[in-house]
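Per this note's numbering, the sequence shown starts with residue -5, numbered consecutively. In what follows, a structure is listed as structure tokens, so that the remarks can point back to it.
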Amino acid sequence: MNAIQVPRMPNIALVGNPNSGKSTLFNLLTGLRQKTGNFPGVTVDIKKGRFRLPSGREVELTDLPGAYSLYPTSADERIVASVFSDPSDPNYPDVVVYVADVTHLEKHLLLLTQLLDLDLPILLALNMADAAETIGLKVNTVKLAEKLGIPVVLLSSRTGENVSKLLSEIEKLLEGNRPPHKGFYSLNEQEKNVSEAIRINAGTDNSYRSLLLAHHYSWLPKLPAPIRQTIGAIVFDKQFNSLKRQVDETLERYDRFTPIVQATVQFPPRFPSTITDRIDVVLTHRWFGPVIFALIMLLVFQAIYDWSSVPMDFIESSFGWLSSALKANLPEHWTTQLLTDGIVTGLSGILVFVPQIAILFFLITLLEEVGYMARVVFMFDRFMRRFGMGGRSMVSLISGGACAVPAIMSSRTIGNWKERLITILVTPFITCSARIPVYVILIGLVVPSKKILGFLSLQSLIFAGMYVLGIVAALGTGYVLKKIMRTRELSYLALELPVYRLPHWPNLWLTVWEKVSAFIFGAGRIILIISITLWGLASFGPGDSLPSAEVNARLEALSRQLSPEETENLVAAYQLEASYAGRIGKIFEPLIRPLGYDWKIGIALFTSFAAREVFAGTLAVLYQLGDAEKDITDADENETKATLRQRMQAEKFTDSGKPVYTLATALSLLVFYALAMQCASTLAVVRRETGSWKWPLLQFAFMTLMAYAGAWVVYNLFV
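Structure representation (structure tokens):
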């Protein structure tokens, strides 16, 4: 009996230059949540979704990375070139929707004309019709379609204008209703000879695709070795100069499509300056620009503290009420302790910081959407070159403020390998959202909430200082790597500065929701596993170690004439120290004691390697178990559960009786977490992006050494 084969769903590919609005159109059509921003290099991977055509037919939509040409200068462009060089690639499309910014059409047509020569069903979507109308630009879509030989639709992915017409044209192309193919570029004699030889030996179906294989055979990932060797021999035999032919072809294509743009697009009268130009005079000024950027970042940090205090207090009190309610209504059993002391306490240590993370994502995404981040890339390009990087590295470094993993992936837009490698290696120094829980709890523990100049809080300044420390560490390391790593490869910044525009609010809210959800559920899974494991390690011990610890604690309490409450706290502390977790922590304590840390902090350092944000959850579980239901009494003499910060303030070294969390210890911990590579996911993505374990292991080693040395120096300065 033959298996029933399900017909393959048609694949529609969105292709276009960076900053063309391609990803916004993807969100509009599919409703899926994906990061978009008003600067090049946001989409770093192939994204997929589904939508329905007017007939009800469901199709798959693939959002390919932004690219300028099929002759790649970055990892992003290599993805696109690889897909269109191989019709057997699973991402090879049935229909291409080429998205171009109508206000900068000439700059967006190079890649389109290359795709035209592959004889694909193509539809040109002229995006940003709303912006064109605002500036008075007009385009003759009928004449443009006639000259290019493909359907043309003028639309706005931000407002949804003419999207229904786009869907109708896609359906026509899927049904085979397409204009006769028009070749755009004519191969010269040498290119014809090379292309024909490759077509015969490699079995390609298109002359231009054969030419692409001649250019890219050395790196195409899925090209079989025998075919790679055959093409290499043809290229060598025909003395094919790939670089020269790419330059000549690009210039010839511009010579051909520039007159088409001039004949079909009516540009508005030129004014001395636009609103964008006038704003840029200030925001990109040589001296004022960086100062304004620093002030904007300072306001972002201030907002993170000021706007989040109320929801944080609410979340913290809600979890305290939930834990108390569960203990009051559930039977005394180890499962109840697991639920309240392990799971609930661990999760509360993370969710309390969600308001601050959401505010950070909202403000950074807002700056991206309005177009400011592209100016940051432009302003800091020359400065970044002193440290072995470039303006595009700023995209990765700024993205690192959210998470190092997508930030490192966004380095694919950097064509120079040395700059890209240095960017990958230093990006984890930038303070990411996972460090926020650590910073907030430690700063709130030892730094008073005083106001400076009447509106800036001392806590927000220290918080901003941690960001500055990360930036200084990244730049300093980049400078050292620049001197060590030698290369003759040159790079230049070619960046299109978008006009300033109001944010596309659906995109902004989708981005914030996506990132916060990823933080909650991604960290939540890790924390749930670690909290349960840690609870088990802290609740049980080898042999009769826990009963023996209880006996010793009660004898000591009796000799010291402690109260019943103090006795129970001493029993809980002794049992925790005798547990598996306590024994593991004691192993690490001699190594970290010079930094001012005790064994509980050692356990938190160890568990937070899975994810930095686990630090707070780990301490919450340990102090919950070690304090035996310790209560605090407020001014109204109402007993309430002690918060994590209050428990940390009361923590003392067992041997000396001195407080653990002094200013010196807290600052030492802040420096350690600012510099250390406490993230397994980041190491994994560095391995994937560099193709070797050499670089992530080297990165882990030098970051850990820097963190230990920096923490030791700070502790001894303030002790």
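The beta-carbon is built from N, C-alpha and C at its ideal position, and this holds for glycine as well.
P325 and F355 have their alpha carbons spaced roughly 42 angstroms apart. Considering only R681, G170, Q453 and D57, the residue with the shortest C-alpha distance to N11 is D57.
Ranked by Cα distance from G60, the first of A227, D95, D83 and D88 is D95.
For F45, the uninterrupted beta strand (DSSP E) run begins and ends at K41 to R46, by DSSP.
Cβ neighbours of A547 within its own chain (closer than 7 angstroms, five residues either side excluded): L564, V565 and Y568. Distance check between R46 and each of T67, Y62 and I6 places I6 closest, using alpha-carbon atoms only.
In this structure, L528 lies away from A572, with their beta-carbon atoms at least 8 angstroms apart. It is roughly 40 angstroms from the alpha-carbon of S542 to the alpha-carbon of I514. Excluding residues up to 5 positions away in sequence, N195 lie with their Cβ nearer than 6 angstroms to the Cβ of T224 in the same chain.
Taking all protein chains shown into account, T659 has 16 or more neighbouring C-beta atoms within 10 Å of its C-beta and is therefore buried. Shortest Cα-Cα distance from E645 to any of V665, F696 and Y591 involves Y591. Secondary structure at K216: coil, using DSSP grouped into helix, strand and coil. Within the DSSP bridge table, the entry for I6 names L55 and V89 as partners. Under the three-pair Cβ rule at 8 angstroms, the segment 418 to 428 counts as touching the segment 666 to 686.
Here T24 is not near R2, since their CB atoms are 8 angstroms or more apart. One thing to note: H210 has its Cβ no nearer than 8 angstroms to the Cβ of S68.
The beta-carbon separation of V90 and I116, rounded to 5 angstroms, stays under the 8 angstroms limit for a contact. Here D95 carries a strand assignment [DSSP, helix/strand/coil]. Between the segment 153 to 161 and the segment 181 to 188 there are fewer than three inter-stretch CB-CB distances shorter than 8 angstroms, so the stretches are not counted as touching.
When DSSP reads this structure, I430 sits in no beta bridge, so it has no partner.
In this structure, the beta-carbon distance from T18 to S151 falls below 8 angstroms.
Per DSSP, the beta-bridge partners of L450 are I446.
Non-local beta-carbon contacts of F313 in its own chain, meaning distances under 6 angstroms to residues more than five positions away in sequence, involve S342 in chain order. Between F374 and G385, the CB-CB gap stays under 8 angstroms.
Judged by DSSP in its simplified three-state form, V255 adopts helix. Shown here for Y655: same chain residues with a beta carbon closer than 7 angstroms to its own, the five before and five after excluded, namely L439, V440, M642, Q643 and E645 in chain order. Within the same chain, and ignoring the five residues on either side of L207 in sequence, the residues whose Cβ sits closer than 7 angstroms to its Cβ are S79, I192, A196, T198 and I225.
Using a Cβ distance threshold of 8 angstroms, Q693 and V680 count as a contacting pair. Here the alpha carbons of V399 and L391 stand approximately 11 angstroms from one another.
According to DSSP, N121 shares a beta bridge with D95.
Between the segment 426 to 433 and the segment 288 to 297, the count of C-beta pairs closer than 8 angstroms stays below three; the two stretches do not touch. Contact between the segment 163 to 174 and the segment 237 to 257 is absent: fewer than three C-beta pairs spanning the two stretches fall below 8 angstroms. Taking a 10 Å sphere around the C-beta of W499, we find fewer than 16 other C-beta atoms and assign the residue as exposed.
In the DSSP annotation of this structure, the continuous segment of the alpha helix (DSSP H) that includes L167 starts and ends at V157 to L168.
When secondary structure is reduced to three states using DSSP, S150 falls in the strand class.
T698 is the residue among T698, P690, S650 and L613 whose C-alpha sits nearest the C-alpha of Y667.
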